[in-house]
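Quick note: the sequence shown uses my numbering, first residue 42, plus one each step.
A virtual CB, placed ideally from N, CA and C, is assigned to each residue, including glycine.
A short worksheet on the structure shown next.
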Amino acid sequence: MVKRIGAVVATVVMTVLLSAPAFAGSWTSHFAGWGIGDQSRNWTDSNSPSNSTVLSIKQCTYSVTTAEKWMAFRLYRDDFWTPDETYERKGVDCWATSAVHTTSWGSKGKGDFFWRIASICGFEHNAFADTPYVRMDY
Numbered sequence: 042m043v044k045r046i047g048a049v050v051a052t053v054v055m056t057v058l059l060s061a062p063a064f065a066g067s068w069t070s071h072f073a074g075w076g077i078g079d080q081s082r083n084w085t086d087s088n089s090p091s092n093s094t095v096l097s098i099k100q101c102t103y104s105v106t107t108a109e110k111w112m113a114f115r116l117y118r119d120d121f122w123t124p125d126e127t128y129e130r131k132g133v134d135c136w137a138t139s140a141v142h143t144t145s146w147g148s149k150g151k152g153d154f155f156w157r158i159a160s161i162c163g164f165e166h167n168a169f170a171d172t173p174y175v176r177m178d179y
């Protein structure tokens, strides 16, 4: 009986492991009172498989009053021995609604990465944002 239960458990574990979605990783967080230049946590992309680097965000509020409701983010590869490699700046709409908005940098290969806020509602200084939901998939 014990051997049979062990075999069933081993089969279930292998089935779950083999049928898991093929993505390298993700993390979910939030931020409050962040401004231009504030930086996300770092993450390591093993590039296995070569998935896109995707930022998702929703329910943003801003310290500035404007019709524009978006933020721009810049992706960086965190290089220890050399200056950080900088990738293109990407804008993403974000309203105070539950709709999730995304932007992608494509696949950037293996490495340690982070992003920084580059602008908020078109402002590049003296603007701040809050969001209860930001997610990175890589």
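Residue environment, residue i, which counts as buried when at least 16 other CB atoms sit within 10 Å
i      : result
Ser196 : Residue numbering for the chain in the displayed model covers 42 to 179; residue 196 lies beyond these limits and cannot be assessed.
Asn92  : buried
From the options, residue whose alpha carbon lies closest to that of residue i
i      : options                          : result
His142 : Trp75, Val175, Asp120 and Arg130 : Val175
Phe164 : Asn88, Pro173 and Ser104         : Ser104
Phe180 : Glu129, Thr123 and Thr102        : For the chain, the structure presents residues 42 to 179; residue 180 sits outside this window and is missing.
Cβ neighbours of residue i in the same chain (closer than 8 Å, five flanking residues each side left out)
i      : result
Asp119 : Asn83, Asp125, Gly152, Asp153, Phe154 and Phe155
Ser139 : Lys99 and Gln100
Other residues of its chain near residue i: CB distance less than 7 Å, five sequence neighbours each side excluded
i     : result
Gly78 : Arg157 and Ile158
Span of the beta strand (DSSP E), counted from its first residue to its last, around residue i
i      : result
Pro124 : Neither: Pro124 is in no beta strand (DSSP E) and is coded neither H nor E.
Residues of its chain near residue i, where Cβ-Cβ distance is below 6 Å and the 5 sequence neighbours each way are ignored
i     : result
Pro62 : In this predicted model, Pro62 has a pLDDT of only 40, less than 50, meaning its place in the structure is not dependable; the value taken from the coordinates is given anyway. There are no such residues.
Segment contact, 8 Å Cβ cut-off, at least three pairs: the stretch 153-169 with the stretch 112-131: Segment contact: the stretch 153-169 against the stretch 112-131, three or more CB-CB distances shorter than 8 Å; contact assigned.
Looking at C-beta atoms only, is the number of pairs between the stretch 124-139 and the stretch 94-106 that lie closer than 8 Å three or more? The stretch 124-139 is in contact with the stretch 94-106.
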